[in-house]
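First comes the structure, then the notes that go with it.
There are 6 protein chains.
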Amino acid sequence: MIHFPNQLLLQEAVRQALLEDLGRAGDITSLATISATATSHAKFVAREAGIICGLDFAAEAFRQMDGKDIFEAILQDGDKVERGGLIAKISGPSRTLLGAERVARNYMGRLSGIASLTAQYSARIAHTKARIADTRKTTPGLRAFEKYAVRCGGGMNHRFGLDDAVLIKDNHIVAAGGIVPALHAAKKSIGHMVKIEIEVDTLDQLKTVIEVGADVVLLDNMSADQLREAVKLVGGKLLCEASGGVNLETVKVIAETGVDLISVGALTHSASVLDIGLDFD
Amino acid sequence: MIHFPNQLLLQEAVRQALLEDLGRAGDITSLATISATATSHAKFVAREAGIICGLDFAAEAFRQMDGKDIFEAILQDGDKVERGGLIAKISGPSRTLLGAERVARNYMGRLSGIASLTAQYSARIAHTKARIADTRKTTPGLRAFEKYAVRCGGGMNHRFGLDDAVLIKDNHIVAAGGIVPALHAAKKSIGHMVKIEIEVDTLDQLKTVIEVGADVVLLDNMSADQLREAVKLVGGKLLCEASGGVNLETVKVIAETGVDLISVGALTHSASVLDIGLDFD
Amino acid sequence: MIHFPNQLLLQEAVRQALLEDLGRAGDITSLATISATATSHAKFVAREAGIICGLDFAAEAFRQMDGKDIFEAILQDGDKVERGGLIAKISGPSRTLLGAERVARNYMGRLSGIASLTAQYSARIAHTKARIADTRKTTPGLRAFEKYAVRCGGGMNHRFGLDDAVLIKDNHIVAAGGIVPALHAAKKSIGHMVKIEIEVDTLDQLKTVIEVGADVVLLDNMSADQLREAVKLVGGKLLCEASGGVNLETVKVIAETGVDLISVGALTHSASVLDIGLDFD
Amino acid sequence: MIHFPNQLLLQEAVRQALLEDLGRAGDITSLATISATATSHAKFVAREAGIICGLDFAAEAFRQMDGKDIFEAILQDGDKVERGGLIAKISGPSRTLLGAERVARNYMGRLSGIASLTAQYSARIAHTKARIADTRKTTPGLRAFEKYAVRCGGGMNHRFGLDDAVLIKDNHIVAAGGIVPALHAAKKSIGHMVKIEIEVDTLDQLKTVIEVGADVVLLDNMSADQLREAVKLVGGKLLCEASGGVNLETVKVIAETGVDLISVGALTHSASVLDIGLDFD
Amino acid sequence: MIHFPNQLLLQEAVRQALLEDLGRAGDITSLATISATATSHAKFVAREAGIICGLDFAAEAFRQMDGKDIFEAILQDGDKVERGGLIAKISGPSRTLLGAERVARNYMGRLSGIASLTAQYSARIAHTKARIADTRKTTPGLRAFEKYAVRCGGGMNHRFGLDDAVLIKDNHIVAAGGIVPALHAAKKSIGHMVKIEIEVDTLDQLKTVIEVGADVVLLDNMSADQLREAVKLVGGKLLCEASGGVNLETVKVIAETGVDLISVGALTHSASVLDIGLDFD
Amino acid sequence: MIHFPNQLLLQEAVRQALLEDLGRAGDITSLATISATATSHAKFVAREAGIICGLDFAAEAFRQMDGKDIFEAILQDGDKVERGGLIAKISGPSRTLLGAERVARNYMGRLSGIASLTAQYSARIAHTKARIADTRKTTPGLRAFEKYAVRCGGGMNHRFGLDDAVLIKDNHIVAAGGIVPALHAAKKSIGHMVKIEIEVDTLDQLKTVIEVGADVVLLDNMSADQLREAVKLVGGKLLCEASGGVNLETVKVIAETGVDLISVGALTHSASVLDIGLDFD
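Protein chains in written order, with my numbering: chain H, 21 to 301; chain U, 21 to 301; chain G, 21 to 301; chain R, 21 to 301; chain L, 21 to 301; chain A, 21 to 301.
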């Protein structure tokens, strides 16, 4: 089974989400209208096709509400689901089911939406060696979860934060006095387990980067022709990442230029939820 | 000025978002390439037209990074911005600007995206008395913020959680043994400051609700004709909320049926970010 | 069984209370004088008559200390208990029992005290249609718990915070420029799921409120005669809440004026604990 | 000035209390009815005589809401106030004043209530050498604050938790196999900076304690005659603390027996709030 | 079994430590290279002789990672272990074992290091009545844990914080205007369950302390001759604690002067870890 | 100035450390013996030579206690200090100085101890190209701070957690079925911004690693001769890190083998504090 790799983080997030929804007085509707002993059976069903992600979050939401494991996953994260496909089953006190339902669906819908969009991008470039990568344009507080969703959709993760890799952008280059001093400064102060990427806008800049050396070069807002040229210049000496102007229409052409990676902010900042329903038996 | 109404909640959220992005080692790129004394001036600029929301979040991100107020809002939340329009200015240590930039933009982009989508829906129905309302289909942990964005876009807020109003849905009705016992149970146990809404799928159900009484009725997945008939039946005795199958194409027809409210999950679960850039001088 | 409706909130509160009592070094007396393997049986017994509330808090305190469910409730929240009545039993390691005892008793004593006082007020007005309501005059950090105790004692909950209903008081009226603009402003900006209450001191003010409309009117510090007149004026068009000068002596007369609700700050701000002992076998 | 001695603890508590009251949507009434630029002046006034406590909590509540110091204390904690006496002034945005008012008053009312009750007990025994002491029967989460209030009222603090002093009670004595082994066990394992108190019910037990030695003896539920005899037996070799059956009527007689301390659970578990009003100019 | 006396504190600390190590993306190495279903057996083995401490922390780390109790302690805290000695066994998913290993070893290594160093000091003075005591020179955030390790090594705990006992140092004496006013001030304001210690540098100061009275006297940086003289002067009327210039070479001579306690900052601020390995079968 | 790169993390850590030391009742000694208006001037002075680290932590401790910036750094982090050298000055309320002193000194002493030990190691190998690196053998909860101290002492940081780089150890290799499948698995699943290191014990293993490719190779417990041979085999194609059996005596020989990095757990797990005094004027 594929699971989110840090259950402690997940547990805390789900707890906060439940507290947000339950508020101070709890699920007053269910408390008023449903007996404490009533039980229900229900099914999570996809109302549109896509890639499922977030089953652990749903399971945890019901576990925290009920104290027991009442959620049974039928699919696993990363699985493809068709419209109408069964995702998971749940049995337990009706109040628990209704009290945790929204949190479970909000997580699953959002993460599955990201996974599904990632899979769409990936599908368009499956015939190339390029891979789709995410960005730091994530929802505040949900980065690790959204990047997991990207992986479930077949994408690659870029940096998780400002601290786990160097990415020298235009402003850094200006402040450092150019590409050469910027790269030298980075190499001097950065730990040996940290990769260095640098953004270039022109092929001239790229040549400098190739000379000084880096792990990855970000080819920002280049045309397909420029990208092709850039890939040729690099000649495999460093990874080439394209960014800017990427959408489901343009991604194929970009991938076919030979770049290694295409980063897409929209994966996390503009994915629609995948519509997942909870049908009571 | 329009501000998010609970600055303590905002401060804690921004703190968590900064910690998420800074990780354990901070902004290693800026630390390596930019001098501690370098300063910059930059402008937040809209790269597409829309409604701005989230200025307080950006201001707070820079305040927490810098210890000073270095963010100057030019617009205020709820303002309309054109493509290229100036939103805010910022001046201070370059490291601070780059260190908090992503958090500021992630909040502003997301909240402005929601406000802008809400405004689009609202514009389509401005000729009617209907109002657009949000749902609980929000991002886990961001509900109060996203609902604020809906207000900035001209929308109405539905419940903030399971605890601040009663919404009796189909499952509650089944569990309670019907609409009548469900409404009676709610009225009996709910505080006098709490409103009661109930979902109906048919006009027959609606008639029962009108008889027993409630504050709001949710007309779920009804056709325009049914909605029109429902509004007539209700005759102003309770508020009518339409939901289901609402999108930018259908919303006008729904609003013209005479309903008071149209709730749209997409406002918060599927809005794209508004593209906001940070241009350094 | 009646349970506090948000177990996640309860768990966190009990954890904080245990940490407060255990401090940095734990229960040093029991550690020094009692063997780790010694076990005890004990009974929670009422040392005075009243209404029991807080059993879940006690159960949780022992569960967190022991890792197991060692608390057995005999009564349930809201039950009446006589002097000497058995409330709950507990069996387990003696150190656990003594280590969590104070937290369990502090919660149960306080919440049962509130429930018992509420029940006393309610009993005095049982022959009328009026209901006793609480206020926001609660212990900082314990509001949701104390309002639950009010419900267990037969009372109604007023607002849980500043955010879940509108209550326009004298200062708001002055600031808004009168009752009419205040009510109009509230109706314009408040969500459709939120009720509006407004305070009046005179019958003239009341007439204005009736004209403009609201959900509830707060009749503040009125004499019984005024209240009676107010109820007549209102004629069922909105709920009437009386407040001010309410105590166990005056409540009956107030209730008999025909008001719907009587709010009593003393329920939560001045209730004595119910004396509950823990007797070891 | 007398201040609560741990401002970090106070800041966090006030923050939680404000969040509890502001909820997710903030003070919706003031937001709707009062302009963002309106300012007010108001006075905290005692509506009954007593001892003031909690000024720092009120000051902090307004500071957190406003970002500025807008609260001016006229009295200080521990001061006596008459009915109608001015306690503090406040000037600032009307929304801030109304948004933080309830939290400020809830803290001040509760803590002043405890200080006032402590002062009443202390006044009854001022002609003796005895001092009033508190217990661990405090509100969960507020212990340090309530014990501060006891000090402001002229009382002494007993243990702050299970960890800062040893108190061997009847159950410990039974578990340890008697007073002698219990005291020996405590002396053996406890740090040299920790005091030891032991509870006795009979004069025979007391004699054993005097022989073995301790810092304090708790004379539980003894009659005045027994207490007098106990004090004589002890002869100043250890501190004598009386507990059980203490109220405002009995405390004088108990103090006159010559005991050093009289502990009173009611100080913290059953004090009524001191009624403090906020009068707007 | 000997356990850390506040499991709630321990659980939270271990959770934070795991989150620190797992970061945002979890144990990416194990996730990449080890199957989710692979299981392992491993042994915690001492790579040098010493005193074991911290087994509960290791157990908790694996429990939080796995959700099950997969750690089996062979020794208990405070036990002596030889080089190569078996400390504990563990069986479970390989990913769990590798994911929690470092946290478990970091806690056990550090706490065992402190216990072992304490035991070394204690062994040097076992022929005297003196006891080794710790100080507040502990790692920020780990005080309660490190003081527990001191106890496991046979040492005594001094104050846990600034709040649980009085220690009047030179600066306090100067500020108060001398030893006499300082002691009087302390006695007047401190609760009856709190001990008072005062630091002296000279025998003259000591004589004053003996006259006024205190619980403990701290003889700071005195020579062995001075200490001997001091002990004679005190004559058992208060506890004598020596501090300053204490190391494994000097401790014996100091202890033989007759002092009751010798406090050693190095126990917690400069102990090396005990080397504990995790050997996979 | 050199500052810890994540002030938000630092602020929270210092707050927790102050709360730990102040406990529930605060600095009862200073409150009893020192007037609220007394002020003091004091100097932080090195009592032994070393490298200073942690000035921001001290500054923050006094800031949080006082609300003002009363700490003036004379040196900065990373500076060398001689015995008796002045590090910082502080002026303010005497109670503040004494209340935050221990937290300030505990942080500075520990971090300076780590920086100083790192500098000692680095000095021994300054004539080589090798650099000293830390490990994950850090104090739970203090990793980012201790790794900063290593940088201040001239060392390099290895991984900050399990998530920011891949380190394939012996157990992973066994579980994956050998070096080749382990490296292939890592390369396949790891993001493009993440480096891969693998541990080898033999030169044969090393040859395989060179063939398959990695970023860094960990040469574990090899003799100087083996290391020399390894460096030759690698020929600059990947970074060589030596570990095992490193101490101040052996480090020079290891460095002279030509390795790039030498990792030393003792930097963080066994450094003594640097003795820093606070001398009051």
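Where is the CB? At the ideal position from N, CA and C, for every residue including glycine.
Computed from a predicted structure; not experimentally measured.
Query: Nearest-angstrom Cα separation, counted from U:E121 out to U:D89; Result: 15 Å
Query: Contact list for A:D47 against chain L, beta-carbon separation under 8 Å; Result: L182 and D183
Query: Closest by C-alpha distance to H:E68, when choosing among H:D245, H:N241 and H:V101; Result: H:V101
Query: Three-way DSSP call (helix, strand, coil) for A:A164 in this model; Result: helix
Query: Contact set for R:Y168: own chain, Cβ-Cβ below 6 Å, skip 5 residues either direction; Result: F24
Query: Identity of the residue in U:E92, U:D47 and U:E217 nearest H:H192 by Cα; Result: U:D47
Query: Proximity winner among U:A202, U:G198, U:I134 and U:G211, relative to U:G175 (alpha-carbon distances); Result: U:I134
Query: For U:T288, the first and last residue of its enclosing beta strand (DSSP E); Result: U:T288 -> not in any beta strand (DSSP E); alpha helix (DSSP H) instead, spanning A286 to H289.
Query: Where R:V229 meets chain L, residues with beta-carbon distance less than 9 Å; Result: What R:V229 touches in chain L: nothing, since even the nearest Cβ is about 16 Å away.
Query: Beta-carbon neighbours of U:Q84, restricted to chain A and to distances below 7 Å; Result: L28
Query: Any C-beta of chain H under 8 Å from that of L:L118; Result: no
Query: Neighbouring residues, chain R, relative to L:N177 (Cβ below 8 Å); Result: G211 and M213
Query: Presumed contact (8 Å Cβ cut-off) between A:G98 and A:I22, rounded CB distance; Result: 5 Å
Query: Interface residues of chain G facing U:L259 [CB-CB closer than 7 Å]; Result: H212
Query: Neighbourhood of G:A93 by C-beta, 6 Å cutoff - its chain only, sequence neighbours within 5 removed; Result: L75 and A108
Query: Close beta carbons around U:V251, own chain, < 8 Å, minus the five adjacent residues each side; Result: C260, T277, G278 and V279
Query: Nearest-angstrom Cα separation, counted from A:V34 out to U:L29; Result: 22 Å
Query: Given L:T49 as reference, the closest of A:K272, A:V214, A:S55 and A:A275 once Cα atoms are compared; Result: A:V214
Query: As assigned by DSSP and simplified to three states, the class of U:R179; Result: coil
Query: 7 Å CB neighbourhood of U:K157 in its chain, flanking five on each side removed; Result: G285, T288 and H289
Query: Supposed contact pair A:Y141 and A:L247 - C-beta distance, whole angstroms, cut 8 Å; Result: Not a contact, Cβ separation roughly 17 Å.
Query: Euclidean distance between Cα positions of H:I110 and H:H61; Result: 6 Å
Query: Proximity to R:K149 [Cα-Cα], best of R:A275, R:F300 and R:Q96; Result: R:A275
Query: For H:I210: DSSP bridge partner residues; Result: Paired residues: none, contrary to the question.
Query: 8 Å Cβ cutoff met for A:D184 and L:G43; Result: yes
Query: Listed by chain order, chain A residues near L:V186 by CB distance under 8 Å; Result: I48, T49 and A52
Query: Any C-beta of chain G under 8 Å from that of H:L268; Result: no
Query: Test item: CB-CB of R:A206 and G:A78 under 8 Å; Result: no
Query: For G:I230 and G:G255, the rounded distance between their alpha carbons; Result: 10 Å
Query: First and last residue of the uninterrupted alpha helix (DSSP H) at U:A153; Result: Per DSSP, U:A153 belongs to no alpha helix (DSSP H); it is in the beta strand (DSSP E), R151 to A153.
Query: A:T277 Cβ short of 7 Å to the ligand SAH heavy atom set; Result: The ligand SAH is not part of the structure shown, which contains no ligands of any sort.
Query: Chain H contact residues for L:R35, given Cβ-Cβ distances below 8 Å; Result: L28
Query: is_contact[R:V65, chain L] using C-beta, thresh 8 Å; Result: no
Query: Complete alpha helix (DSSP H) runs within the stretch 180 to 244 of chain L (minimum length 4 residues, chain order); Result: 190 to 196, 199 to 209 and 223 to 232
Query: Whole-angstrom C-beta distance between H:K272 and H:R144, which should lie under 8 Å; Result: 5 Å
Query: Alpha carbon of H:S209 to alpha carbon of L:K208, nearest angstrom; Result: 57 Å
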